[in-house]
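> Dumping the structure here so I can ask a few things about it.
2 protein chains.
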Amino acid sequence: MPQPLLSAIQYHTFPRPLPLWRGGALASVTLANETWGALSPNRDNVVLLLHALTGDSHAADPHEPDNPKAAWWNPLIGPGRAFDTDRYFVICSNVIGGCQGTTGPASTDPETGKPYALNFPVITVQDMVRAQREMLTGLGIRRLAAVAGGSIGGMQALEWAVRYPADVDAALLFGATERIGPQAIGFNAIGRSAIMLDPAWCDGRYEPGHGPDTGLQIARMVGMLTYQSSQGQWLRFGREPASRPASASPLGEKFDIEGYLEYQGRSLARRFDANSYLYLTRAMDLYDVADGWESEGAALERIRARTLHVGMSTDWLYPPEQVRALAQKLDALGKDAVYTELTSVHGHDAFLKEWPDMERIVGEYLDTPRVTLHAKETRRPAPTPAQAT
Amino acid sequence: MPQPLLSAIQYHTFPRPLPLWRGGALASVTLANETWGALSPNRDNVVLLLHALTGDSHAADPHEPDNPKAAWWNPLIGPGRAFDTDRYFVICSNVIGGCQGTTGPASTDPETGKPYALNFPVITVQDMVRAQREMLTGLGIRRLAAVAGGSIGGMQALEWAVRYPADVDAALLFGATERIGPQAIGFNAIGRSAIMLDPAWCDGRYEPGHGPDTGLQIARMVGMLTYQSSQGQWLRFGREPASRPASASPLGEKFDIEGYLEYQGRSLARRFDANSYLYLTRAMDLYDVADGWESEGAALERIRARTLHVGMSTDWLYPPEQVRALAQKLDALGKDAVYTELTSVHGHDAFLKEWPDMERIVGEYLDTPRVTLHAKETRRPAPTPAQAT
Chain A
1 MPQPLLSAIQ
11 YHTFPRPLPL
21 WRGGALASVT
31 LANETWGALS
41 PNRDNVVLLL
51 HALTGDSHAA
61 DPHEPDNPKA
71 AWWNPLIGPG
81 RAFDTDRYFV
91 ICSNVIGGCQ
101 GTTGPASTDP
111 ETGKPYALNF
121 PVITVQDMVR
131 AQREMLTGLG
141 IRRLAAVAGG
151 SIGGMQALEW
161 AVRYPADVDA
171 ALLFGATERI
181 GPQAIGFNAI
191 GRSAIMLDPA
201 WCDGRYEPGH
211 GPDTGLQIAR
221 MVGMLTYQSS
231 QGQWLRFGRE
241 PASRPASASP
251 LGEKFDIEGY
261 LEYQGRSLAR
271 RFDANSYLYL
281 TRAMDLYDVA
291 DGWESEGAAL
301 ERIRARTLHV
311 GMSTDWLYPP
321 EQVRALAQKL
331 DALGKDAVYT
341 ELTSVHGHDA
351 FLKEWPDMER
361 IVGEYLDTPR
371 VTLHAKETRR
381 PAPTPAQAT
Chain B
1001 MPQPLLSAIQ
1011 YHTFPRPLPL
1021 WRGGALASVT
1031 LANETWGALS
1041 PNRDNVVLLL
1051 HALTGDSHAA
1061 DPHEPDNPKA
1071 AWWNPLIGPG
1081 RAFDTDRYFV
1091 ICSNVIGGCQ
1101 GTTGPASTDP
1111 ETGKPYALNF
1121 PVITVQDMVR
1131 AQREMLTGLG
1141 IRRLAAVAGG
1151 SIGGMQALEW
1161 AVRYPADVDA
1171 ALLFGATERI
1181 GPQAIGFNAI
1191 GRSAIMLDPA
1201 WCDGRYEPGH
1211 GPDTGLQIAR
1221 MVGMLTYQSS
1231 QGQWLRFGRE
1241 PASRPASASP
1251 LGEKFDIEGY
1261 LEYQGRSLAR
1271 RFDANSYLYL
1281 TRAMDLYDVA
1291 DGWESEGAAL
1301 ERIRARTLHV
1311 GMSTDWLYPP
1321 EQVRALAQKL
1331 DALGKDAVYT
1341 ELTSVHGHDA
1351 FLKEWPDMER
1361 IVGEYLDTPR
1371 VTLHAKETRR
1381 PAPTPAQAT
């Protein structure tokens, strides 16, 4: 699966099979990553970044540092930036099950010589984290100054802090909770159903480049609607007619939101593997921080890292109340947990769009081991959410 | 299209073509309805009920008056009930474009002798209302003591009050707004895309009983998620494993919400025509009360009926704030508009589930020409919503 990219993507190949959370093992594993900055002699300046569902290891692009769209956290990473590469060795890891240079359902099954497709095992957030841990160990890195991620990347950051408590100093979670609810599972199920309805899906055994593009497009339309807020969509699209070319319809001219969703859907279908979409959304559904421990409390009790929990004010997929509730649970356990809220119309996606706020929140948290301002405001959360802006 | 039912469904056939809002005409129109109670000699006791998207004319079932599931507003209709059939002649009309006894895309096109399918014209809420008006005129009824409906049925009730102001005394709107926003349009578009992706759809030219059931099932899954609240789904489904038979999955055991959504999807696919689903969701998208008038204000200014606007506290498809805003606009125009909020975890669907509250709200509003209690609380809405319970 390695794909040639302009950027400095690296492929870490595992020396042995990766045991899996739900049983079995993955025989041959490659995990893609990119790095920025220099590893300190003591190897104690590592920041691990973890991307969202359809993201990849390309968190920053030094060739286009001023283009926010060149990489998913581009404005936050670089010399003097929030994730300061003069100070930190920043590494962004892809996930197993993915399709951006890492072993996933499109990879060749060494047993058959053909793509795994649906023979790929069900993978979990725990497996993603274990693979990242093994990769870092292979690079001689044991300790993380910080781990940070949004959405399913934030779930991975949480799992890092629970699974390897001695090795994580700080965890930054954006729009992430300890588990998702039935509404979010339902939307994931709809996306998967659309992919599997597409006749081009062929029970997952499609040829590269001939996959279920329309099904994946519909899955992405569902995703985009859930990542944004109703309020933001009113502001951006209203009830205007389509401003982008949209597919023909027997039902008359389309609305702008329809053209936009189709555009986003086509865009994902060009760059993402449909089977990976099935597996990664399932990993999101399955994640529960309590899994493998006696209780949720027993899992959270393990954490030694200080944690930052950022809720997005208009996020209805990972509601800010639920993000705050996790911080409160940790606080009640005596942990150093800070909640802050990013006020935005951008819904769940705010952590990929609100650059000045994100710079400030990350920068302050990483610069000051105890962020007095936030801690004072939110260590004992008030009935109304503390605002970040 | 007439289907034999145990209940007293009646089919009104129009003596002439029905001119359509977006141009053209529908040559041969049949509109289904059911009635309960007796028409007064003065024909002044008529209450018109209008159903939601996939509903039908079967609002009440006198054979099973105590079974809430026997008809969609069954607990509200009958002798001594909120819509009191000892007092009112209650009539529930189906909609053109539908598939429950009324002319729609599955009906025979008189020009070809085959089903219209996608040759059916795009229809609008305005057309639905015009057809209802012509049917009532044919029955010798001109004036409505009340018109009531939820969701797209509420849009029709609003359109009745705007289009025929002299003939509507009261309009009761449940979870209905003057237009829907891009988020709701986007979800409708996803449902339509899934139907059209289903290979059984065949560009709309499927045989009866061999339609795009899986596509329609997915569309219904989207609908059900939007009609319910996240909070209600946590309470009912949580993250429990599927309690209903769900389709097999290569991704492991399903969650309860998945089994439930599939069950609801299959259930709709058995009773509803997929092409009708395309046309009716489009009518919902297209509706804008301002259409055909100089401005929204000019449209609302026409209303002479007193209006009741009921928002559902956890409705995110037709948010209570927007339902309230419509009442406020009417109030600002000097109209007799009352807003009340139904506190419920059932989201948009609350008007089909919260029977004691619905009985009280409808009963009080119809019994008392000026509902002092509600009017006092809500004629000048306070910053926090007035609660109905």
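So the sequence lines, in the order shown, correspond to chains A and B. Using my numbering, you'd call the opening residue of the first sequence number 1 and step up by one each time. Using my numbering, you'd call the opening residue of the second sequence number 1001 and step up by one each time. Cβ coordinates follow ideal geometry from the N, Cα and C atoms, glycine included. No experiment lies behind these values; they were computed from the predicted model shown.
Kindly indicate if chain A contains any beta-carbon less than 8 angstroms away from that of D1213 of chain B.
As a first step, residue 1213 of chain B must be located in the second sequence, where it is residue number 213. Cβ-Cβ to chain A under 8 angstroms: no for D1213 of chain B.
> For W1073 of chain B, go through chain A and note every residue whose CB falls closer than 7 angstroms to its CB, in chain order.
Stepping through the second sequence from its first residue, residue 1073 of chain B is reached at position 73. Under the 7 angstroms cutoff, chain A gives no residues; its nearest Cβ is about 27 angstroms from W1073 of chain B.
> With 7 angstroms as the limit, tell me which residues of the region 1206-1232 of chain B have their beta carbon closer than that to any beta carbon of chain A; keep them in chain order.
If the cut-off is 7 angstroms between Cβ atoms, the region 1206-1232 of chain B has T1214, G1215, I1218, M1221, V1222, L1225 and S1230 near chain A.
> How would you list, in chain order, the residues of chain A whose beta-carbon sits under 9 angstroms from the beta-carbon of W1234 of chain B?
Residue mapping note: residue 1234 of chain B aligns to position 234 of the second sequence, counting from 1. By Cβ distance, chain A contributes G181, P182 and Q183.
> What residue range does the beta strand (DSSP E) around E34 of chain A cover?
Taking the first residue of the first sequence as position 1, residue 34 of chain A is located at position 34. Start and end: T30 to W36.
> Determine the closest residue to D1095 of chain B out of B:A1052, B:N1119, B:H1210 and B:P1121, with distance taken between C-alpha atoms.
For the purposes of this step, residue 1095 of chain B is taken as the residue at position 95 of the second sequence. Here residue 1095 of chain B turns out to be Val, not Asp, going by the sequence shown. The option with the nearest alpha carbon to V1095 of chain B is B:A1052.
> Quick one: does V122 of chain A have its CB under 8 angstroms from some CB of chain E?
Among the chains of the structure shown, chain E does not appear; the protein chains present are A and B.
> Report yes or no: do the region 1056-1063 of chain B and the region 1096-1103 of chain B share at least 3 C-beta pairs separated by less than 8 angstroms?
Yes: the two stretches touch, three or more of their Cβ pairs being nearer than 8 angstroms.
> Can you give me the C-alpha to C-alpha distance between S1243 of chain B and A189 of chain A, rounded to a whole angstrom?
Position 243 of the second sequence, counting from 1, holds the residue named residue 1243 of chain B. Position 189 of the first sequence, counting from 1, holds the residue named residue 189 of chain A. For S1243 of chain B and A189 of chain A, the distance between alpha carbons rounds to 16 angstroms.
> Secondary structure at L1333 of chain B, three-state DSSP: helix, strand or coil?
Within the second sequence, numbered from 1, the residue matching residue 1333 of chain B stands at position 333. Correct three-state label for L1333 of chain B: coil.
> By Cβ distance below 7 angstroms, which residues in the same chain neighbour D198 of chain A in space, the five residues on each side in sequence not counted?
Here residue 198 of chain A refers to the residue found at position 198 when the first sequence is read from its first residue. P212, T214 and G215.
> Give the DSSP bridge partners of Y1206 of chain B, in chain order.
To locate residue 1206 of chain B, count along the second sequence from 1; it is residue 206. Beta-bridge pairing links Y1206 of chain B to no other residue.
> What is the DSSP secondary structure of V1046 of chain B, counted as helix, strand or coil?
As a first step, residue 1046 of chain B is located in the second sequence; it is residue number 46 there, counting from the start. Strand.
> Please decide whether L1278 of chain B counts as near chain A, where near means a Cβ-Cβ distance under 8 angstroms.
Your numbering for residue 1278 of chain B matches position 278 in the second sequence. By this cut-off, L1278 of chain B is an interface position.
> Would DSSP call L1144 of chain B helix, strand or coil?
If you number the second sequence from 1, residue 1144 of chain B lands on position 144. In the structure shown, L1144 of chain B sits in a strand (DSSP, three-state: E or B).
> Within the chosen definition, does the region 1309-1326 of chain B reach the region 1345-1354 of chain B through at least 3 CB pairs nearer than 8 angstroms?
Touching, yes, given that three or more Cβ pairs across the two stretches are closer than 8 angstroms.
> Residues of the region 155-169 of chain A with a CB closer than 7 angstroms to any CB of chain B: list them in chain order, please.
Here the close residues number zero.
> Return the CA-CA distance between L1373 of chain B and Y1365 of chain B, expressed in angstroms with no decimal places.
As a position in the second sequence, residue 1373 of chain B is number 373, starting the count at 1. As a position in the second sequence, residue 1365 of chain B is number 365, starting the count at 1. Its pLDDT being 34, under 50, L1373 of chain B is placed unreliably in this model, and the coordinates cannot settle the point.
> Assuming Q1233 of chain B is part of the alpha helix (DSSP H), what are its boundary residues?
Sequence index remark: in the second sequence, residue 1233 of chain B carries index 233 (1-based). S1230 to R1236 is the span of the alpha helix (DSSP H), which, as asked, contains Q1233 of chain B.
> Rounded to whole angstroms, what is the Cα-Cα separation between Y11 of chain A and A32 of chain A?
Taking the first residue of the first sequence as 1, we reach residue 11 of chain A at position 11. Taking the first residue of the first sequence as 1, we reach residue 32 of chain A at position 32. Roughly 5 angstroms separates the two Cα atoms.
> Run the CB neighbour count on R1370 of chain B, radius 10 Å, all protein chains shown included, and call it buried at 16 or more, exposed below.
Against the second sequence, residue 1370 of chain B aligns to sequence position 370. Caution is warranted here: a pLDDT of 36 is assigned to R1370 of chain B, below 50, making its placement in the model unreliable, and no coordinate value can be reported.
> Got a sec? Which residues, its chain only, sit under 7 angstroms from A70 of chain A by beta carbon, not counting five neighbours each side?
Mapped onto the first sequence, residue 70 of chain A falls at position 70. Excluding sequence neighbours, A70 of chain A sits near D61 and E64.
> Can you give the Cα-Cα distance for D1331 of chain B and I1185 of chain B, rounded to whole angstroms?
One-based indexing of the second sequence puts residue 1331 of chain B at position 331. One-based indexing of the second sequence puts residue 1185 of chain B at position 185. Each residue's alpha carbon lies about 28 angstroms from the other.
> Label K1254 of chain B either buried or exposed according to how many other C-beta atoms from any shown protein chain fall within 10 Å of its C-beta, with 16 as the threshold for buried.
As a working note, residue 1254 of chain B is residue 254 in the second sequence. Result: buried.
> Is the Cβ-Cβ distance between D1336 of chain B and R1306 of chain B less than 8 angstroms?
Indexing the second sequence from 1 puts residue 1336 of chain B at position 336. Indexing the second sequence from 1 puts residue 1306 of chain B at position 306. For D1336 of chain B and R1306 of chain B, yes; Cβs fall inside 8 angstroms.
> Which residue marks the beginning of the alpha helix (DSSP H) containing A171 of chain A, and which one marks its end?
Along the first sequence, one-based indexing puts residue 171 of chain A at 171. Here A171 of chain A belongs to no alpha helix (DSSP H); instead the beta strand (DSSP E) covers A170 to F174.
> Quick check on DSSP: helix, strand or coil for T214 of chain A?
As a first step, residue 214 of chain A is located in the first sequence; it is residue number 214 there, counting from the start. The answer is helix: DSSP assigns T214 of chain A an H, G or I state.
> Hey, would you say A1176 of chain B sits closer than 8 angstroms to V1029 of chain B, going by beta carbons?
The residue you call residue 1176 of chain B lines up with position 176 of the second sequence. The residue you call residue 1029 of chain B lines up with position 29 of the second sequence. Against a cut-off of 8 angstroms, the Cβ pair of V1029 of chain B and A1176 of chain B comes out as no contact.
> Which residues in the same chain have their Cβ closer than 8 angstroms to the Cβ of G259 of chain A, if we skip the five residues on either side of it in sequence?
Within the first sequence, numbered from 1, the residue matching residue 259 of chain A stands at position 259. If we look at G259 of chain A and ignore the five residues flanking it on each side, its Cβ neighbours are A242, S243, R244, P245 and A246.
> Please tell me whether V1162 of chain B and A1327 of chain B are closer than 8 angstroms, where the distance is taken between their beta carbons.
One-based indexing of the second sequence puts residue 1162 of chain B at position 162. One-based indexing of the second sequence puts residue 1327 of chain B at position 327. It is not a contact, given that the beta carbons lie outside the stated cut-off.
> By a C-beta neighbour count over all protein chains shown, 10 Å radius and 16 as the cutoff for buried, is R205 of chain A buried or exposed?
Residue mapping note: residue 205 of chain A aligns to position 205 of the first sequence, counting from 1. With fewer than 16 other Cβ atoms within 10 Å, it is exposed.
> Just checking my contact of T1124 of chain B with A1283 of chain B at CB under 8 angstroms: how many whole Å lie between their CB atoms?
As a working note, residue 1124 of chain B is residue 124 in the second sequence. As a working note, residue 1283 of chain B is residue 283 in the second sequence. Between A1283 of chain B and T1124 of chain B the Cβ distance is about 5 angstroms, and since that is below 8 angstroms, they are a contact.
> Just checking: is the beta-carbon of E1178 of chain B within a distance shorter than 8 angstroms of some beta-carbon in chain A?
Stepping through the second sequence from its first residue, residue 1178 of chain B is reached at position 178. Chain A, which has no Cβ nearer than 8 angstroms to the Cβ of E1178 of chain B, makes this no.
> Can you give me the C-alpha to C-alpha distance between D66 of chain A and F83 of chain A, rounded to a whole angstrom?
On the first sequence, residue 66 of chain A is found 66 positions in, with the first residue counted as 1. On the first sequence, residue 83 of chain A is found 83 positions in, with the first residue counted as 1. Computed Cα separation, rounded: 15 angstroms.
> Please tell me whether S1249 of chain B and W1316 of chain B are closer than 8 angstroms, where the distance is taken between their beta carbons.
Here residue 1249 of chain B corresponds to residue number 249 of the second sequence, with the count starting at 1. Here residue 1316 of chain B corresponds to residue number 316 of the second sequence, with the count starting at 1. Cβ atoms of S1249 of chain B and W1316 of chain B: not closer than 8 angstroms.
> Whose Cβ in chain B lies nearer than 8 angstroms to the Cβ of D285 of chain A?
Mapped onto the first sequence, residue 285 of chain A falls at position 285. In chain order: F1255.
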